[in-house]
Structures are given as structure tokens and as C-alpha cells.
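Student:
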Amino acid sequence: MANTGADSAMFPGLPETGAAAPVRPAEKVPLRRSALVRVTHWMNALGFIGLVISGVAILLAHPRLYWGETGAVGMPSLLDLPLPFMLTGQSGWGRYLHFLSAWVCVIAGGIYVLHGTATRRFARDFAGQTEPPKYSMLQRLTYFAVVIFLFPLVVWTGLAMSPAIASVFPFMVTVFGGQQSARTVHFAVACLLVCFFLAHVVMVTATGFVANMRGMIQGRES
Amino acid sequence: MSGKISRRKLITAGLSTAAGAAGLVAAERIANRYGLIPPDHDGLYGAGETLTYASQRLLTAHASMAREFTRRDISPVFPVNGPVPARAAYQRLLATEFSDWRLIVDGLVERPARFSLDQVKSYPSRTQITEHTCEEGWSIIAEWTGVPVSYVLDLVGASPRARYVVFFPFDDAWESIDMEDARHPQTLLAYGMNGGVIPAEHGAPLRLRVARQLGYKSVKYLSHVLVTDTLKNIGKGLGSASPEVGYAWYAGI
């Protein structure tokens with residue numbers, strides 16, 4: 002598990018010590034990425050894409066958001082998305098795929114976080130415990146916003162929409178002021194995660210797609 | 135030397151595969167015994183369903199109660215999905231205010247029975263104001279009055295071998311629930327809604343209420359309740375009509 006080189010899983014090819022650093026540090030510091038990070042990365046990528054596709058399929062059955070406990074056609078809405086109401090059965094496979102993908106992400110993400118914590122990789126790379134810090138402040142903030150805040154929040158609000166889970170942990174839904182609020186927050190967080198995903202893909206492409214892909218597949222960029 | 139390493143790797147891989155396979159078989163046996171495998175467990179989606187169902191069954195093992203609300207919270211609207219059954223049998227009963235309607239309860243029971251609506255209404259009732267969550271995404275709050283399914287199961291002497299209760303309506307949307315949900319205190323055979331009788335479009339004369347699952351599990355227009363230890367020979371063997379059209383059997387979500 003020796004992790005000597007740059008492991009910029011979230012920010013491939015970005016300057017590692019801030020804006021003043023050379024543009025392609027990976028050429029100087031050979032990148033090595035453990036198999037565990039690579040495997041969980043692609044599991045999460047697959048799971049995330051599954052979640053987005055199935056999330057849209059589920060949303061299309063009722064593309065309208067509410068605030069509070071309840072909400073239905075005939076009640077005031079918070080936001081009417083410019084999408085058609087599609088009651089053509091796609092929410093059935095949508096939900097099957099959503100939960101399968103969620104389990105993939107929960108398992109892969111859980112392994113990744115446990116590994117990152119146990120090997121102190123998180124502390125080293127992202128809490129800025131190295132001198133100089135491995136990533137810029139902006140990179141670290143983004144990372145923490147996504148991993149520590151957005152991921153748990155999207156899981157939390159997803160679980161809050163489950164009547165069975167809410168019967169065991171009512172506070173999970175009451176903390177948002179109701180089931181429809183949890184649904185709206187779930188949607189908003191999902192949108193932020195999609196933005197993050199797109200930014201991530203743009204960066205991967207802009208900083209050398211082939212080398213970056215090789216780095217995340219083979220563990221080395223060259 | 136590299137041959138030695140690869141042989142060691144091969145043995146390790148072989149042993150861990152065997153251990154993994156044995157572990158899976160053991161896990162399946164245990165999961166089956168404790169009722170942690172849903173009837174629509176086949177295929178790739180079935181893996182996700184099984185994880186969801188099993189983990190929720192472990193979490194809800196102590197009869198967790200769905201949240202209940204006050205009369206003030208009752209929603210001003212209640213959308214209706216699907217028409218009232220068109221079958222002549224139902225239309226005739228509807229026209230005569232269900233005076234000849236009977237609920238058949240049979241299967242793994244000591245005393246199969248046919249209950250009239252008045253009989254059902256004479257049993258100890260429970261009134262609850264709960265949230266109805268539609269799989270489409272909307273949700274509303276309504277008040278329900280009915281007899282707990284658990285009471286009826288005791289009345290007919292349901293066998294300890296029974297694992298599921300199947301609910302057949304006057305249309306094709308039959309469903310089944312496991313014993314944990316069937317015995318749950320908030321699982322009702324409801325005849326009252328928001329202080330009055332259930333209107334036809336909401337499932338008259340009697341409908342199921344499963345408070346801890348999505349709305350589609352709460353079958354309307356009931357005619358027959360079957361107590362069983364297996365769902366394999368009913369319909370396509372997937373547990374209910376929902377998986378046959380692509381919707382999950384377990385909808386605790």
C-alpha cells in the first residue's frame with residue numbers, strides 16, 4: 002500500500018502546491034496509485050452514473066418539488082421543473098437501478114473512506130499536514146465539501162424519503178421539516194454532485210486525458 | 135521464483151474463492167431462514183433489492199412505528215391513480231353498497247372465513263393519521279380507520295408456518311407482504327378514511343394500509359386474503375403484480 006507519489010484522485014494533473022507550481026508536476030513526481038483507490042474509483046464512477054440516470058428516470062414521474070411534509074398535484078409547489086410528467090413505468094427500473102447503484106457507491110465509498118482514514122492518506126493529502134500542503138486550499142475545500150458534506154447529505158436525504166427508515170429514525174426526516182423537503186434537498190445535492198462530476202471530467206480531459214486515464218487504470222501515468 | 139509466487143497466489147486465490155463461495159452459500163441459508171430475501175431477488179437488480187430488504191428488516195425488527203400526524207395535518211387533496219375496477223362483479227357490489235360483499239380469508243389458517251363488511255367493522259379498530267408516499271414522488275397525509283391485519287390473522291388462526299399474506303383485489307394489482315409487516319400494529323384492513331367511509335376511488339369497501347411502505351403496497355378493493363408460506367406458485371412467483379411490471383416487491387424503500 003506504499004503511496005509515495007501524488008495521488009490526486011480528485012484533481013488529476015492539477016498543480017499540487019497551488020497556482021505557482023509547474024503545470025505538470027506528475028512528470029516530475031512519478032504518480033503511483035494503489036489498486037484499492039483505482040478499483041473503488043471506478044466502482045464509484047459506475048455507481049454514480051447509474052444513480053444519475055435512474056434519478057432522472059424517477060424524477061420524471063413527478064418533476065415537481067415541494068417544501069414541508071407533503072406535496073402533490075393540487076398543492077402549492079416550490080419548483081416546477083420544465084420537464085414532462087412521464088408515467089410510463091420508467092420509475093420502476095429507475096428505482097431498481099437507483100438502489101443497486103447506491104449500494105455499489107456505499108460499499109466502494111465505505112472501503113475508500115476506511116482505507117483513506119486507516120492509512121492516514123486523508124490527513125496527509127487533504128488536511129494539509131504536509132509542508133508545503135499537497136493541494137491548494139481551494140482543492141481541499143472542494144474535496145471536503147464533496148466527501149464530508151455532499152455525499153453524506155445525499156445518502157441521508159435519500160434514506161429520509163424511506164417510510165421504513167423514517168419509522169426507525171424519525172429525526173432523519175423531521176430535521177428537514179418533512180419528507181418533501183428531504184426530497185427537494187436530495188435533488189439539490191444531486192445537482193451539485195453532477196456539477197462536481199462535470200468539472201472533474203473537464204479537468205481530466207484538459208490536463209491530459211490519456212495520461213490521467215492510465216494513471217487511474219494502471220496506477221502509473223506512463 | 136516467479137513460478138513459486140504465482141503458485142502461491144493461485145492457491146491463495148483458489149482458497150479465497152472457495153471460502154467466498156462457501157460464505158455466500160451460508161449467508162443465503164441464514165438470510166432465507168430469517169426471511170431476508172425478497173421474492174424478486176433474481177438478476178442484477180435482485181442483488182440490490184436483497185441488500186435493501188435484508189438491511190431494512192434487520193433495522194425494523196422491533197416493530198418501529200411509522201410517524202403519525204394530527205387531524206390538522208390531513209392533506210386537502212388525495213390524488214387517485216388508476217380507475218375503479220370495471221369488472222361486473224365489483225360494479226354490482228358498488229351499486230348495492232357492498233351489502234353482498236364478503237372478504238374471503240383462507241390458506242394456512244385453521245378456520246377459513248368469509249367476513250361481511252359489518253363483521254369487519256364490528257372488530258376492535260384502530261385509527262391512524264399517516265403519510266401516504268407514492269412511488270412517483272408525491273406524498274399526502276390522511277386518516278385511516280380499520281381492523282389490524284394481525285387481529286384477523288388471529289381470528290382465523292394463521293399457522294406459525296405462514297410467512298406471507300397475499301391480498302387479492304377486484305383488479306389485477308395484487309400484492310403480498312411478509313409476516314413482519316402483516317403483524318405490524320399499523321397494518322390495517324381499512325374501511326374508513328378522513329372520518330367517513332372510504333370513497334370508491336380510494337378502495338371501497340376495504341383496502342389494505344401498510345404504513346411503512348410505498349403507496350402501491352396498500353391494495354385497494356380487497357376481495358381475498360391468502361395466508362401462505364410461499365409465493366412461488368402465485369402469478370409469476372415474484373411476490374406480487376408489481377415486479378411483473380417492473381416495480382420492486384419490497385417498497386419500504
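Residue numbers (our numbering), protein chains in the order written: chain A, 2 to 223; chain B, 135 to 387.
Cβ atoms here follow ideal geometry from the backbone N, Cα and C, with glycine treated the same way.
#1: Leaving aside the five residues before and after Y224(B) along the sequence, list all residues of the same chain whose C-beta is less than 7 Å from its C-beta, in chain order.
#2: Hey, how far is the Cα of V290(B) from the Cα of H358(B)?
#3: Where are the beta strand (DSSP E) runs, 3 residues long or more, that stay fully inside the segment 286-373 of chain B, in chain order?
#4: Would you mind sorting A292(B) into buried or exposed? The rule is 16 or more other CB atoms within 10 Å of its CB.
#5: Helix, strand or coil for K29(A) per DSSP?
#6: Would you kindly report the start and end of the unbroken beta strand (DSSP E) that includes H266(B)?
#7: Between F210(A), S163(A), V114(A), W68(A), which lies nearest to G178(A) when the distance is taken from Cα to Cα?
#8: Chain A partners of K273(B), CB-CB under 8 Å?
#9: Please list the residues of the segment 200-216 of chain B that have a C-beta atom closer than 9 Å to any C-beta atom in chain A, keeping them in chain order.
#10: Roughly how many whole angstroms lie between the Cα atoms of L115(A) and D126(A)?
#11: Could you check whether the Cβ of L98(A) sits closer than 8 Å to any Cβ belonging to chain B?
#12: Looking at chain B, which residues of the segment 100-129 of chain A have a Cβ within less than 7 Å of any of its Cβ atoms?
#13: Checking the sheet assignment: what are the DSSP bridge partners for F81(A)?
#14: Pick from V218(B), Q253(B), R205(B), G157(B): whose alpha carbon is nearest that of S233(B)?
#15: On the CB-based measure, 16 or more other CB atoms within 10 Å of its CB, does Y384(B) come out buried or exposed?
#16: Pull out every residue of the segment 281-304 of chain B whose Cβ sits closer than 9 Å to any Cβ of chain A, in chain order.
#17: What three-state label does DSSP hand P282(B) in the structure shown?
#18: What residue from L144(B), V344(B), R221(B) has the CA that sits closest to D306(B)'s CA?
#19: For N213(A), count neighbouring Cβ atoms within 10 angstroms of its own Cβ and tell me buried if that reaches 16, exposed if not.
#20: Starting from the C-beta of L242(B), find all residues in its chain whose C-beta is less than 7 Å away, skip the five residues before and the five after it, and write them out in chain order.
#21: Use the C-beta contact count for E132(A): other C-beta atoms within 10 angstroms, 16 or more gives buried, fewer gives exposed.
#22: Assess contact between the segment 98-112 of chain A and the segment 51-58 of chain A, defined as three or more Cβ pairs (one per stretch) separated by less than 8 Å. Is contact present?
#23: Who are the Cβ neighbours of A334(B) in its own chain at under 8 Å, not counting the five residues just before and after it?
#24: Compute the beta-carbon to beta-carbon distance between L251(B) and P172(B), rounded to the nearest angstrom, for a pair I have assumed lies under 8 Å.
#25: Quick test of your reading: G280(B) and A324(B), contact by CB under 8 Å. State the CB separation rounded to the nearest angstrom.
#26: Mind reading off the beta-carbon distance from P213(B) to W278(B)? Whole number of angstroms is fine, and I expect it under 8 Å.
#27: Report all residues from its chain with a CB closer than 7 Å to the CB of L372(B); omit the five preceding and five following residues, and keep chain order.
#28: Is the segment 57-65 of chain A in contact with the segment 158-175 of chain A, if contact means three or more CB pairs nearer than 8 Å?
#29: Give a yes or no on whether the C-beta atoms belonging to G220(A) and V211(B) are separated by under 8 Å.
#30: So with CB distances below 9 Å, who are the chain A contacts of A181(B)?
#31: Among residues of its own chain, excluding the 5 on either side of Q180(A), which ones have a beta-carbon nearer than 8 Å to its beta-carbon?
#32: Quick one: what's E277(B) bridged to in DSSP?
#33: Return the bridge partner residues of S250(B) from the DSSP annotation.
Tutor: Based on what the coordinates show:
#1: F304, Y355
#2: 13 Å
#3: Those beta strand (DSSP E) runs which fall completely within the segment 286-373 of chain B and span 3+ residues are 298-303, 309-312, 322-327, 341-343, 356-362.
#4: Buried, since its Cβ has 16 or more Cβ neighbours within 10 Å.
#5: Any reading at K29(A) must be qualified, since the residue scores a pLDDT of 49, below 50, and its modelled position is unreliable; the value itself is stated next. DSSP places K29(A) in coil when its eight states are reduced to three.
#6: 260-267
#7: W68(A)
#8: Residue identity differs from the one stated: residue 273(B) is Ser in this sequence, not Lys. Correct list: E70, T71, G72, A73, Q180, Q181.
#9: A200, R201, F203, D207, S209, P210, V211, F212, P213, N215
#10: 15 Å
#11: yes
#12: F100, L101, W104
#13: Contrary to the premise, residue 81(A) reads as Asp rather than Phe in this sequence. Its beta-bridge partners are R65(A).
#14: Q253(B)
#15: buried
#16: none
#17: P282(B): strand per DSSP, three-state reduction.
#18: R221(B)
#19: buried
#20: A292, S293, R295, A296, V361, T362, D363
#21: exposed
#22: yes
#23: V218, L228
#24: Not confirmed; about 33 Å, so no contact.
#25: Rounded to whole angstroms, the Cβ separation of G280(B) and A324(B) is 3 Å, and the two are in contact under 8 Å.
#26: No, P213(B) and W278(B) are not in contact; Cβ-Cβ is about 16 Å, not under 8 Å.
#27: Excluding residues up to 5 positions away in sequence, P173, D174, E378, W383 lie with their Cβ nearer than 7 Å to the Cβ of L372(B) in the same chain.
#28: no
#29: Between G220(A) and V211(B), the CB-CB gap reaches or exceeds 8 Å.
#30: Neighbourhood of A181(B) in chain A, by CB distance below 9 Å: L101, W104, in chain order.
#31: Excluding sequence positions up to five before and after Q180(A), its CB lies within less than 8 Å of the CB of E70, T71, A161, M162, A167, V174, all in the same chain and listed in chain order.
#32: Paired residue(s): I263(B).
#33: According to DSSP, which records beta bridges pairwise, S250(B) is partnered with R236(B).
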